[in-house]
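Comments concern the structure below.
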Amino acid sequence: MRIRVVPTASGKHAIQVVSKRHSVLIVHKHIGSYSNTSERSVLYEKAKAYIAETTGQGSLLDLLSSCRPSDVAISENRPLFIYRILSATYDKLGLNTYADPLIKDLVIARIFRPASKRGTQEILADLFNRQWSLVTIYRHLKKAIDSGLKDAFQKALLDFAGNELHDSLRLVFYDVTTLYFESTLRAGIRDVGFSKDHRPQETQIVVGLVVNRQGFPLYFDVFHGRVFEGHTLTSVVENIQKLLNNTELVVVADSAMLSQENIDQLAGNEIGFIVGARMANLPWNLIDEIASELNHHDNKTVTVTYRGQRLICQYLQKRADKDKSDREKQLTRAQAIIDAPAEKMRRYRFVKMMGQTVSLNVDLIARAEKLNGIKGYLTNTQLPEATVIERYHDLWRIERAFRVAKSDLEARPIFHHLDEAIKAHLVIVFAGLAISTYIEIKTGMTIHTVLKLAGKVLTHKVTNTKTGETAYVETTIENPETSAKINLIRSLGTK
């Protein structure tokens, strides 16, 4: 923020507090008008006081003007600007409905710099001047889980998505991932299973996540590490439907969720779905019908009936080129296995084993060639073909949400042992993901970029060693482009 002087129609001059956002001038407050220098001085002081009260900005020059630079000591350079922004965003999302400042601090620290509980304690104390003991942290986490922290956060985010993001919440996206532990000990919900992190030797848990079309998280659930991902779909979707109280819900999921049992349960509960179809499992006559109808016409679609539902299929030349390239590589590897019997125990696509005999799977190769360039989408909705395909391809948003949770928020590896501690860790990550996603939606920048920019603004403790006078001032950013981005970040959390 800065002070601006503008002429008025009456011939006087007005003092305003302004800032710029996306090159658009924003008037935060009209301080008043003056006709002489004494009035001007009074209004200037009021404007500076307003800026200091609103943003915490101070004027380093005011302090330096009364002393020599050698009499000034600067200490405590803290990233309090980042704390204020994350804190304000936490409140804006309604997460403060669970009124525990320690939980808020844990979420902020997870976004700012993920660490162990001991490391988090040090970050909060050293950088944000938030003093909590380890015993207090663990006690509050246990109390929070026992008193419904997860439910409170999920309700707040659902309300926020509907009221502030203006989402009808009729369309949601679902997917699962796995989070591993640096341990092989099986206990509670920790177990070995199919690892999406390619760590089959370590224990894990399965996490299901629901987001809206913007990638904003709405709901998550935790499952035993050995649970097959397809078995998580119906319970999560039924829970989110109850929370939304929405009879027109449509869920989008990938082909791993496709099973006749899931389809029957969703349809029986009158829940709409769009899922990726496992085309290779279709009857041969249906594959032949689809391929003949599409006939290699780029971007052509066709709809057939499969398992009582609409199966929308699309041919893309770009996909066909990739499918052919992948298939040729797989055939080369398959032939190498057949030519080297010592390696035949390794499983490859297009390899068929009958006793000790290894050969090419001719039927599977023929199916792959027939389906070259074709992708299928199974749905019980009456949405247009193009809309169904477009909605399915929006699944990349949930995949990105998983990447943010795993990389930026360092959701794994997990070092906790007790189930309640594991769930508390995931609730903190879930809240951090919601804040990070909202910041990315509002700024158009990644959370990593936002934190890097906001980190340029530090709060400095400046002391006049002669008089003992102390002031807290923020770093001044002179680069106009950087300053504009920081002002955009500064607006986060405001009404």
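Counting from 1 along the sequence shown, just add 56 to a position and that's the residue number in my numbering.
Even for Gly, the Cβ is constructed at its ideal location relative to N, Cα and C.
- For the 8 angstroms CB-CB criterion, residue 517 and residue 131 form a contact.
- Its Cα nearest to that of residue 285, the residue 263 stands out among 387, 263 and 268.
- Between the alpha carbons of residue 269 and residue 450 lies a distance of about 7 angstroms.
- Assignment of beta-bridge partners to residue 335 by DSSP yields no partner.
- Inter-residue distance for residue 161 and residue 66 is about 51 angstroms (C-alpha atoms, whole angstroms).
- If you draw a straight line from the Cα of residue 87 to the Cα of residue 175, it comes to about 45 angstroms.
- Rounded to whole angstroms, residue 425 and residue 465 show a C-alpha spacing of 42 angstroms.
- When DSSP states are grouped into helix, strand and coil, residue 218 belongs to the helix group.
- Restricting attention to 179, 313, 304 and 226, the CA atom closest to the CA of residue 291 is found in 313.
- Using a Cβ distance threshold of 8 angstroms, residue 260 and residue 276 do not count as a contacting pair.
- Taking a C-beta distance under 8 angstroms as the contact criterion, residue 479 and residue 201 qualify as a contact pair.
- Residue 194 is classed as exposed because its beta carbon has fewer than 16 other beta carbons within 10 Å across all chains shown.
- In the DSSP secondary-structure assignment, residue 520 is bridged to 128.
- With a beta-carbon spacing of about 5 angstroms, residue 367 and residue 360 fall inside the 8 angstroms limit used to define contacts.
- Secondary-structure assignment with DSSP links residue 454 through no beta bridge to anything.
- In the same chain as residue 235, and ignoring 5 residues on each side of it, the C-beta atoms closer than 7 angstroms to its own belong to 260, 261, 263, 467, 468 and 470, in chain order.
- Here residue 415 is exposed. Its C-beta has fewer than 16 other C-beta atoms within 10 Å.
- CA-to-CA, the gap between residue 335 and residue 371 works out to about 13 angstroms.
- In the DSSP assignment, residue 141 falls within the alpha helix (DSSP H) that extends over 136-148.
- Only buried fits residue 210, as 16 or more other CB atoms lie within 10 angstroms of its CB.
- By the C-beta density criterion, residue 141 is buried, having at least 16 other C-beta atoms within 10 angstroms.
- If you check the CB distance, residue 327 and residue 307 come in under 8 angstroms.
- Bridge pairing for residue 494: absent [DSSP].
- Boundaries of the alpha helix (DSSP H) around residue 168: 157-168.
- The three-state reading of DSSP puts residue 530 in strand, counting E and B together.
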